[in-house]
Every structure is written in structure tokens, then in C-alpha cells.
Amino acid sequence: MKLTTKGRYAVTAMLDLALHGDQGPVSLADISSRQEISLSYLEQLFSRLRRQKLVVSIRGPGGGYRLSRDADRVYIAEVVDAVSESLDTTRCGNKGDCQNGEKCLTHHLWSDLSDQIHQFLSEISLGDLMKKHEIRQVADRQNRRQDGKDSETINTDRLTDQAPA
């Protein structure tokens, strides 16, 4: 089974949002920076996530996004489904026309695998992932890296046109 970039990025962005949402609305620019996902791609994904009522947008200064419900009630399969991502592992898109217009010998095997994967992801919430020590370690590293970028910014208010003495 291959989950495409759209589904992976949507899950990654939603987990980032869940991890940082206790600090207020989270901007897509912050998610983009931490997760190294293009801002325009995130905008497309969050438009779909908002339509499926998984996130709420907050407008204005200090705005951004927040989860529409508790992270323990947002399941990974919902996120993948919201961005119209297929978990289908068949060659035929589960149409049953994989071999000269008919089902191939292993069609049902791959179709059942797709169902199992979807069921597995339906049982894992963002809250479950947030509790994992390994995920917390990665999030801490990303936060430190992002904070480091912020501290490397040059404060132009202190610069003058004077040459050093």
C-alpha cells in the first residue's frame, strides 16, 4: 500500500496542529516552517480539511487554525479521507477490471488489505499519536530548530550606517 504525499502531508500537518494548538491558533506558515511543507500546498489541504469540519479557521491578527474537536476524537482515516486520498491497494482502483476488464486472481486480497488499512487508521487518533514519546521528541527537535531560525534573524533596528571605529 502506498499512501501518497497528499495524505502523508495532511496527517503530518494535522498532528503538528494538534501538538501546538494549546498555544492558540496555529498559522500555516508555522506548520510550513516546522514540517518543511510548502505554504501553498498546506493552504490547499486545509481548505479540504475545513470543508470536512476537521479544522476551524480563525481570522485576523494572531489567527490561524485549530482542531474543530479534541485531538482524541480526530482519527487518521478521517484526515486521509478528507483530502480525498485513496487507501486502495488494488491496481484497478477497486473497480474489478484489473485483468482484461475482469477481476484479477488477487483482487480480493488487495481489496481486503485496503479495508484493513482503513480500519487500522480509523482506530488511531491524533491524541494517540501525541502521547507517543518518539513523536514528542521529534516535535521538540522541530521546535528548537524553528526557535533557532528565529534567533538568527538580524535585528535591523540596531544596524547603523556608521563604519566601525
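Counting from 1, position 62 in the sequence shown corresponds to residue 62 in the UniProt record's numbering; the numbering is continuous, with no gaps. For each residue, glycine too, the CB sits at the ideal point set by N, CA and C. No experiment lies behind these values; they were computed from the predicted model shown.
Using the three-state DSSP reduction, which class does residue i fall into: helix, strand or coil?
i       : result
Leu-67  : strand
Leu-159 : In this prediction, Leu-159 scores a pLDDT of 39, lower than 50, which makes its location untrustworthy; the coordinate-derived value is nonetheless stated afterwards. Coil.
Glu-102 : strand
Glu-152 : Residue placement at Glu-152 is flagged as unreliable, the pLDDT there being 43, under the threshold of 50; the coordinate-derived value follows with that caveat. DSSP places Glu-152 in coil when its eight states are reduced to three.
Leu-49  : helix
Asp-88  : coil
Could you check how far apart the C-beta atoms of residue i and residue j are, in whole angstroms? I think they sit under 8 Å.
i       : j      : result
Leu-126 : Ala-71 : 4 Å
Gly-21  : Arg-66 : 5 Å
Go to residue i, then tell me how far its beta strand (DSSP E) extends in each direction, as first and last residue.
i      : result
Val-56 : 55-58
Whose CA, out of the options, lies closest to the CA of residue i?
i       : options                              : result
Lys-131 : Ala-18, Thr-5 and Lys-6              : Ala-18
Thr-5   : Pro-25, Val-83, Lys-95 and Arg-50    : Val-83
Tyr-75  : Arg-144, Arg-141, Leu-129 and His-20 : Leu-129
Arg-141 : Val-26, Arg-8, Leu-3 and Gln-35      : Gln-35
Phe-120 : Val-56, Arg-69, Leu-87 and Leu-39    : Leu-87
Gly-7   : His-107, His-118 and Ala-139         : His-118
Thr-89  : Asp-115, Glu-78 and Ser-68           : Asp-115
Along the chain, where does the alpha helix (DSSP H) that runs through residue i open and close?
i       : result
Val-11  : 5-20
Arg-34  : 28-35
Glu-123 : Glu-123 -> no alpha helix (DSSP H), and no H or E assigned at all.
Asp-81  : 76-82
* Do three or more CB pairs link the stretch 2-18 to the stretch 26-42 at distances below 8 Å? -> Short answer: they touch.
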